[in-house]
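Take the position in the sequence shown, starting the count at 1, then add 173; the result is the number in my numbering.
Note that beta-carbon positions come from the ideal geometry of N, C-alpha and C, so glycine has one too.
Only one structure is covered here, and it is reproduced in the block below.
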Amino acid sequence: MYLGAVAAAGPPRRDFISVTLGPEEAVGVGGYNNSKAWRRRSCWRKWKQLSRLQRSVILFLFAFLAVCGVISYTSMGEAWKSITNKSLDDQRTEQEIPRLKLANPAVLPAPQKADTNHGDYPELSLQKPPKLPRVRRGPSNRQIKAPQRGTRLKTRHDTMRAVEELVEVDKVEKTEKSIISWRGAVIEPDQSTESPSSKITEPEKPSSVEAEDQKEPVLINERQLAVIEAFRHAWKGYKDFAWGHDELKPLSKSYNEWFGLGLTLIDALDTMWILGLKEEFEEARKWVANDLVFDKNVDVNLFESTIRILGGLLSTYHLSGDSLFLEKAKDMGNRLMPAFKTPSKIPYSDVNIGRGTAHPPRWTSDSTVAEVTSIQLEFRELSRLTGDEKFQKAVDEVMKHVHTLSGKNDGLVPMFINTNSGQFTHLGIYTLGARADSYYEYLLKQWIQGGKKENELLEDYMGAIEGVKKHLLQRSEPKKLTFVGELAHGHFSAKMDHLVCFLPGTLALGAHNGLAADHMKLAETLIETCYQMYAQVETGLSPEIVHFNLHAQKGHKDVEIKPADRHNLLRPETVESLFYMYRFTGDKKYQDWGWEILQNFNRYTRVPTGGYTSINNVQNPSNPEPRDKMESFFLGETLKYMFLLFSDDIDLINLDKYIFNTEAHPLPIWVPA
Numbered sequence: 174m175y176l177g178a179v180a181a182a183g184p185p186r187r188d189f190i191s192v193t194l195g196p197e198e199a200v201g202v203g204g205y206n207n208s209k210a211w212r213r214r215s216c217w218r219k220w221k222q223l224s225r226l227q228r229s230v231i232l233f234l235f236a237f238l239a240v241c242g243v244i245s246y247t248s249m250g251e252a253w254k255s256i257t258n259k260s261l262d263d264q265r266t267e268q269e270i271p272r273l274k275l276a277n278p279a280v281l282p283a284p285q286k287a288d289t290n291h292g293d294y295p296e297l298s299l300q301k302p303p304k305l306p307r308v309r310r311g312p313s314n315r316q317i318k319a320p321q322r323g324t325r326l327k328t329r330h331d332t333m334r335a336v337e338e339l340v341e342v343d344k345v346e347k348t349e350k351s352i353i354s355w356r357g358a359v360i361e362p363d364q365s366t367e368s369p370s371s372k373i374t375e376p377e378k379p380s381s382v383e384a385e386d387q388k389e390p391v392l393i394n395e396r397q398l399a400v401i402e403a404f405r406h407a408w409k410g411y412k413d414f415a416w417g418h419d420e421l422k423p424l425s426k427s428y429n430e431w432f433g434l435g436l437t438l439i440d441a442l443d444t445m446w447i448l449g450l451k452e453e454f455e456e457a458r459k460w461v462a463n464d465l466v467f468d469k470n471v472d473v474n475l476f477e478s479t480i481r482i483l484g485g486l487l488s489t490y491h492l493s494g495d496s497l498f499l500e501k502a503k504d505m506g507n508r509l510m511p512a513f514k515t516p517s518k519i520p521y522s523d524v525n526i527g528r529g530t531a532h533p534p535r536w537t538s539d540s541t542v543a544e545v546t547s548i549q550l551e552f553r554e555l556s557r558l559t560g561d562e563k564f565q566k567a568v569d570e571v572m573k574h575v576h577t578l579s580g581k582n583d584g585l586v587p588m589f590i591n592t593n594s595g596q597f598t599h600l601g602i603y604t605l606g607a608r609a610d611s612y613y614e615y616l617l618k619q620w621i622q623g624g625k626k627e628n629e630l631l632e633d634y635m636g637a638i639e640g641v642k643k644h645l646l647q648r649s650e651p652k653k654l655t656f657v658g659e660l661a662h663g664h665f666s667a668k669m670d671h672l673v674c675f676l677p678g679t680l681a682l683g684a685h686n687g688l689a690a691d692h693m694k695l696a697e698t699l700i701e702t703c704y705q706m707y708a709q710v711e712t713g714l715s716p717e718i719v720h721f722n723l724h725a726q727k728g729h730k731d732v733e734i735k736p737a738d739r740h741n742l743l744r745p746e747t748v749e750s751l752f753y754m755y756r757f758t759g760d761k762k763y764q765d766w767g768w769e770i771l772q773n774f775n776r777y778t779r780v781p782t783g784g785y786t787s788i789n790n791v792q793n794p795s796n797p798e799p800r801d802k803m804e805s806f807f808l809g810e811t812l813k814y815m816f817l818l819f820s821d822d823i824d825l826i827n828l829d830k831y832i833f834n835t836e837a838h839p840l841p842i843w844v845p846a
């Protein structure tokens, strides 16, 4: 039936299927091979199968995403650039000393001729660091420049780029006359400074200096980095255990209070500035602004509070240009003035800065000569800045009075002076050690500070040095070291305090300022002696007092140490003189000697939890007997002079423009208007 139906319908219709085979398919080999050509044909076929509406929607979405991508790239690019720049800045901050902006309201021209990571630094090594090229030594009209910090020395290209960046920042941020700051301190133009008699009522603002006038910065070196690390370690202990108090007790992790005025912090302010420790400085400044109060019922020593607090505030004001420190200095200066209300105008030793009263020590009416004649630099400078002559008048009267006194021995003065009679007491004892030392230092420094015009000061200084040569100089055995002894009622004692090691630096400073050339020769022999006071001791650290052998004895060194004298208080005097000697001679041995001393401080006085401690026994390396006290002058003087000693930058506290007080606080040298 089915066949019949088909026949009746006519011839059957044939259906065909067309199959296209590639070469391999044609022979029955392989199949889909996922080749790129195959995928392209497949994707295009699928695209052609889409409707026109579907293809339009897809194209629109692609165009929209492309536009969004361009917009996102622009905004994200700016954000990424900011992040990248911040990262690079952070890296540079870790490797460079932060740049603090300086405005030095009273910084002067050269006189006319007549706190970051504490683990950034490696442990100190006995190996000498690589030597760096020396810079030209000589006078300059540029001012303080605190060195860059970094483990890699910067190239000249990097240096100049940094200078250009600073110029641009100053242009953007300041509309008034500005100063270009560099490496934590300022490069100053020449300026003149008037004497106190001109009654300056408001500090002058410094003028700007053009970028092209800047000198190329001097590279920081590994030894300076070691000093920065030592300072940070000491500061860590102070911050953790004694913040705002006078002195750190690093072993007991506590503090010692003397005046209750944050002595260590104030003493260290200008050191932080010179070392370029911006974070630590800003932290300390906040404490000064918010917590330093002088209106308290407390007795302070006139001399110590003047050289540490008044001197530290004045110095920091000059370096930073921050009026906060000048205001605090004026407050302190006014509170110290009652000390001069005595029958003789020789000041009392102690002042109650809250009550406005003063008195001598409980056991005597005497003051020490060094104390009453070593406050002049600070009070004179305070008068110059404020225009109030009372400060300078009070201290100048003391010097004029001492100039006329009898009881001197060829310019050498006794150790005590009576505040009632104004006369020397305990006559016949002459020393350049404790109670008399800085009298001689300030004779020279006042003469330099005042523009070399006060002839009485120079006369007294020159006479005193001749007295030293005549009465106090001897040579030891076996090395024939020249040393400064003491004279007691005509009898010579071969005793020399470590304090006397200020003398080589003072002599060198005088010679640099045109005094007798033989002063420099004497300085060279005395600094060798001071170095031997370290080198001949088992720990490589000097005791407080030594006695020299005047006669050769088998098995004996030049230096003898008595049990009561073998302590070390982290004193600065030898390092201070090494700094002056290197600055004026360029002899690298002075840097090497200072490096040895720093290493020995780290070896025998460093406390692991932070801080350094004075020790009782410099003759026992296995047990130096730590005393659990870090004096404020370790940060204020010792480490500051170390850093300056290791610097080859003659403008890092230019000694033709600044004079250091006896606590290592630099104050400007006056130039006549």
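Contact annotation: the stretch 718-725 touches the stretch 648-664, with at least three C-beta pairs closer than 8 angstroms. When the beta-carbon positions are compared, Val571 and Leu605 stay at least 8 angstroms from each other.
For the 8 angstroms CB-CB criterion, Tyr490 and Val542 do not form a contact.
Restricting attention to His664, Tyr753, His720, the CA atom closest to the CA of Asn686 is found in Tyr753. In the pairwise beta carbon analysis, the stretch 459-472 is classified as not touching the stretch 809-816: fewer than three pairs are separated by under 8 angstroms. For Pro511, the three-state secondary structure derived from DSSP is helix. When DSSP assignments are scanned along the stretch 587-628, the uninterrupted stretches of beta strand (DSSP E) that are 3 or more residues long and fall wholly within it turn out to be 589-591. DSSP places Leu714 in the coil class of the three-state scheme, outside both helix and strand. Burial check for Trp620: the Cβ neighbour count within 10 Å reaches 16 or more, so the residue is buried. Exclusion of the five residues before and after Leu486 leaves Phe498, Lys501, Ala502 as the residues of its chain whose Cβ lies within less than 6 angstroms of its Cβ.
Our two residues, Ala609 and Met588, have alpha carbons roughly 5 angstroms apart in a direct line. Glu746 is positioned such that its CB atom lies closer than 8 angstroms to that of Leu672. Distances from the alpha-carbon of Leu688 to those of Lys618, Ser245, Arg776 put Lys618 closest. Taking the Cα positions, Arg405 is about 18 angstroms away from Trp768.
Assignment of Glu420 by DSSP, reduced to helix, strand and coil, places it in the strand class.
By the Cβ neighbour-count rule, Val524 is buried, with 16 or more other Cβ atoms within 10 Å of its own. With contacts defined by Cβ atoms closer than 8 angstroms, Thr592 and Thr530 do not form a contacting pair. In this structure, Asp413 lies near Gly783, with their beta-carbon atoms less than 8 angstroms apart.
For Lys762, the uninterrupted alpha helix (DSSP H) run begins and ends at 761-777, by DSSP.
For Val524, the pairing in a beta bridge is given by DSSP as Val473, Ala531.
Contact check for Ser820 against Gln397 passes: the beta carbons are separated by less than 8 angstroms. With respect to the C-alpha of Ser805, the residue from Trp416, Ile393, Phe235 having the closest C-alpha is Trp416. Asn827 counts as buried, since no fewer than 16 other beta carbons sit within 10 angstroms of its beta carbon. His724 sits in coil when the DSSP states are folded into three classes, being neither helix nor strand. Checking the DSSP bridge columns, you'll see Pro841 partnered with Tyr831.
When DSSP states are grouped into helix, strand and coil, Pro794 belongs to the coil group. As the crow flies, the alpha-carbon of Glu717 is around 21 angstroms from that of Trp431. DSSP places Phe467 in no alpha helix (DSSP H); its state is neither H nor E.
Secondary structure of Glu804 (DSSP, three-state): coil. Judged by DSSP secondary structure, Phe819 falls outside any alpha helix (DSSP H); it is assigned neither H nor E.
Leu550 places its beta carbon 8 angstroms or farther from that of Ala512.
Secondary structure of Arg744 (DSSP, three-state): coil. In this structure, Asn470 places its C-beta atom within 8 angstroms of the C-beta atom of Gly527. Beta-carbon to beta-carbon, Ser538 and Ile519 are separated by about 10 angstroms, too far to satisfy the 8 angstroms threshold.
In the displayed model, Ser427 falls within a strand according to three-state DSSP.
In the same chain as Gly623, and ignoring 5 residues on each side of it, the C-beta atoms closer than 7 angstroms to its own belong to Trp843, in chain order.
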